[in-house]
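Novice: Take this structure, written in structure tokens, and hold onto it; I'll ask about it next.
Number of protein chains: 2
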Amino acid sequence: MRIGELSRRTGVPARMLRYYEEQDLLRPDRAVNGYRVYPEAAVYRVQQIRGLLDSGLTTDIIRRIIPFLDRPDDIHLHPDCLTPELADLLRSEAARIQQRVECLSRNRDRILAYLAAVEAAKQGAGC
Amino acid sequence: MRIGELSRRTGVPARMLRYYEEQDLLRPDRAVNGYRVYPEAAVYRVQQIRGLLDSGLTTDIIRRIIPFLDRPDDIHLHPDCLTPELADLLRSEAARIQQRVECLSRNRDRILAYLAAVEAAKQGAGC
DNA sequence: GCTTGCCTTCTCATTGATGAGAAGGTTTCA
DNA sequence: TGAAACCTTCTCATCAATGAGAAGGCAAGC
Numbered sequence: 001m002r003i004g005e006l007s008r009r010t011g012v013p014a015r016m017l018r019y020y021e022e023q024d025l026l027r028p029d030r031a032v033n034g035y036r037v038y039p040e041a042a043v044y045r046v047q048q049i050r051g052l053l054d055s056g057l058t059t060d061i062i063r064r065i066i067p068f069l070d071r072p073d074d075i076h077l078h079p080d081c082l083t084p085e086l087a088d089l090l091r092s093e094a095a096r097i098q099q100r101v102e103c104l105s106r107n108r109d110r111i112l113a114y115l116a117a118v119e120a121a122k123q124g125a126g127c
Numbered sequence: 001m002r003i004g005e006l007s008r009r010t011g012v013p014a015r016m017l018r019y020y021e022e023q024d025l026l027r028p029d030r031a032v033n034g035y036r037v038y039p040e041a042a043v044y045r046v047q048q049i050r051g052l053l054d055s056g057l058t059t060d061i062i063r064r065i066i067p068f069l070d071r072p073d074d075i076h077l078h079p080d081c082l083t084p085e086l087a088d089l090l091r092s093e094a095a096r097i098q099q100r101v102e103c104l105s106r107n108r109d110r111i112l113a114y115l116a117a118v119e120a121a122k123q124g125a126g127c
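Here's what the structure looks like:
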């Protein structure tokens with residue numbers, strides 16, 4: 001598919017899809033006329049990129065971890081692909097992500113607890 | 001305490017503490033000479049702001065939810081404080097945070113699963 | 001063939017979170 | 001009194017992600 005269709009199907013502006021390519025997050029083929037040509041899987045890939053960006057990861061981090069985020073296919077499973085430095089990077093990124101998860105979960109719970117408490121107070125007061 | 005001490009104790013540059021004040025996330029008192037004066041609780045507050053910023057929330061969102069993130073004290077518990085619009089805002093923010101948590105958890109799990117798979121492959125291969 | 005719509009690249013602008021420095025007032029301590 | 005360490009405000013710069021437009025090539029339909 002071309003960039004317009006990918007944009008429509010993901011809701012991400014074509015401008016941004018070109019930017020993600022510039023950042024090496026996407027690597028579309030090119031048609032003979034120079035148009036970008038994306039495989040079907042690009043839809044999922046773009047959604048994944050958006051989710052990670054919205055979660056506060058930078059394109060730099062996403063670029064480095066995205067090869068390992070796909071469904072487990074045997075291509076990446078060969079230990080040879082994984083230098084010790086890369087393994088460390090992945091472990092530390094997982095830890096940083098975990099910190100974010102904890103912080104966000106904690107604060108989500110506080111918001112919900114507040115709402116629940118107000119609800120209970122309303123009930124109790126018979127309003 | 002003054003801005004320098006707060007900066008040292010939180011590891012956040014004084015420049016940023018002034019910025020958070022500009023963004024209405026902090027409201028220090030002023031000494032007679034004009035110096036900012038922070039209460040002890042500001043240390044915790046700053047850490048909370050940092051965690052949320054690092055998790056990808058904007059100062060705008062943080063400003064709107066931060067009054068409800070404190071330990072439950074009865075000050076905020078009066079339902080009168082909570083207009084229906086504000087309750088909706090809080091619910092939707094909680095939902096958005098939840099989405100981030102899910103996205104991040106999913107990808108953290110994939111990274112860890114990848115690492116585990118490689119580890120298992122190494123063991124199996126007797127390397 | 002011309003119009004319309006989609007594509008290309010390039011460039012300029014903006015926004016939010018930061019870094020950094022200047023110029024000057026205050027406190028402390030020797 | 002003078003130096004050192006703090007504080008103030010103001011300003012300019014940067015970086016990542018994004019918006020937006022110009023200028024022009026390609027393609028499908030009337």
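From first to last, the protein sequence lines are chains A and B.
Numbered by full-length UniProt numbering, the letters in the first sequence go through residues 1 to 127 in order.
Numbered by full-length UniProt numbering, the letters in the second sequence go through residues 1 to 127 in order.
Where a beta carbon is used, it is the ideal one built from N, C-alpha and C, also for glycine.
All of these numbers come straight from a predicted model, not from anything done at the bench.
Looking only at its own chain, which residues have a Cβ that is under 7 Å from the Cβ of A:Leu52, when we skip the five neighbours before and after it?
Specialist: Ile62
Novice: Buried or exposed, going by whether 16 or more other CB atoms sit within 10 Å of the CB of A:Thr45?
Specialist: The sequence as given places Arg at residue 45 of chain A; Thr does not occur at that position. Buried: at least 16 other Cβ atoms inside 10 Å.
Novice: Would you report the Cα separation of B:Leu6 and A:Leu115, rounded to the nearest angstrom?
Specialist: 31 Å
Novice: One question on the structure: do A:Leu104 and B:Arg100 come within less than 7 Å of each other, judged by their Cβ atoms?
Specialist: yes
Novice: Would B:Asn33 pass as an interface residue toward chain A - the criterion being a Cβ-Cβ separation below 7 Å?
Specialist: Taking 7 Å as the CB threshold, B:Asn33 stays off the interface with chain A.
Novice: Would you please verify whether the beta carbon of A:Val43 is less than 7 Å from any beta carbon of chain B?
Specialist: Chain B contact via Cβ: absent.
Novice: Ignore the nearest five residues each way along the sequence and tell me which others in B:Tyr38's own chain have a CB closer than 6 Å to its CB.
Specialist: Same-chain partners within the cutoff: Met1, Leu6, Pro28.
Novice: For A:Ser55, count neighbouring C-beta atoms within 10 Å of its own C-beta (all shown protein chains included) and say buried if the count is 16 or more, exposed if not.
Specialist: buried
Novice: Nearest by alpha-carbon distance to B:Gly34: which of B:Leu82, B:Gln123, B:Ile3 is it?
Specialist: B:Ile3
Novice: On the DSSP letters alone, give me the boundaries of the alpha helix (DSSP H) that B:Ile3 sits inside.
Specialist: Membership of B:Ile3 in the alpha helix (DSSP H) is indicated by the continuous run 3–10.
Novice: Indicate the three-state DSSP secondary structure (helix, strand or coil) for residue 129 of chain B in the structure shown.
Specialist: Not covered by the structure: residue 129 of chain B. The range shown for chain B is 1 to 127.
Novice: Taking C-beta to C-beta, are A:Leu112 and B:Ala94 nearer than 7 Å?
Specialist: yes
Novice: Following the continuous alpha helix (DSSP H) through B:Tyr44, name the residue where it begins and the one where it ends.
Specialist: 41–54
Novice: Would A:Gln47 count as contacting chain B if we go by Cβ distances under 7 Å?
Specialist: no
Novice: Can you check DSSP and say which residues form a bridge with B:Val37?
Specialist: B:Asp29, per the DSSP bridge assignment.
Novice: Compare the beta carbon distance of B:Val43 and B:Thr10 with 7 Å and say whether it is the shorter of the two.
Specialist: yes
Novice: Would the beta-carbon of A:Pro13 be found less than 6 Å away from any heavy atom of the ligand ADP?
Specialist: Within the structure as shown, the ligand ADP is missing, as the structure has no ligands at all.
Novice: Indicate the three-state DSSP secondary structure (helix, strand or coil) for A:Thr59 in the structure shown.
Specialist: If DSSP states are grouped into helix, strand and coil, A:Thr59 belongs with the helices.
Novice: Interface residues of chain A around B:Ile65 at Cβ under 8 Å?
Specialist: Asn107, Ile111
Novice: Looking at chain B, is there any beta carbon in it that lies within less than 7 Å of the beta carbon of A:Gln98?
Specialist: yes
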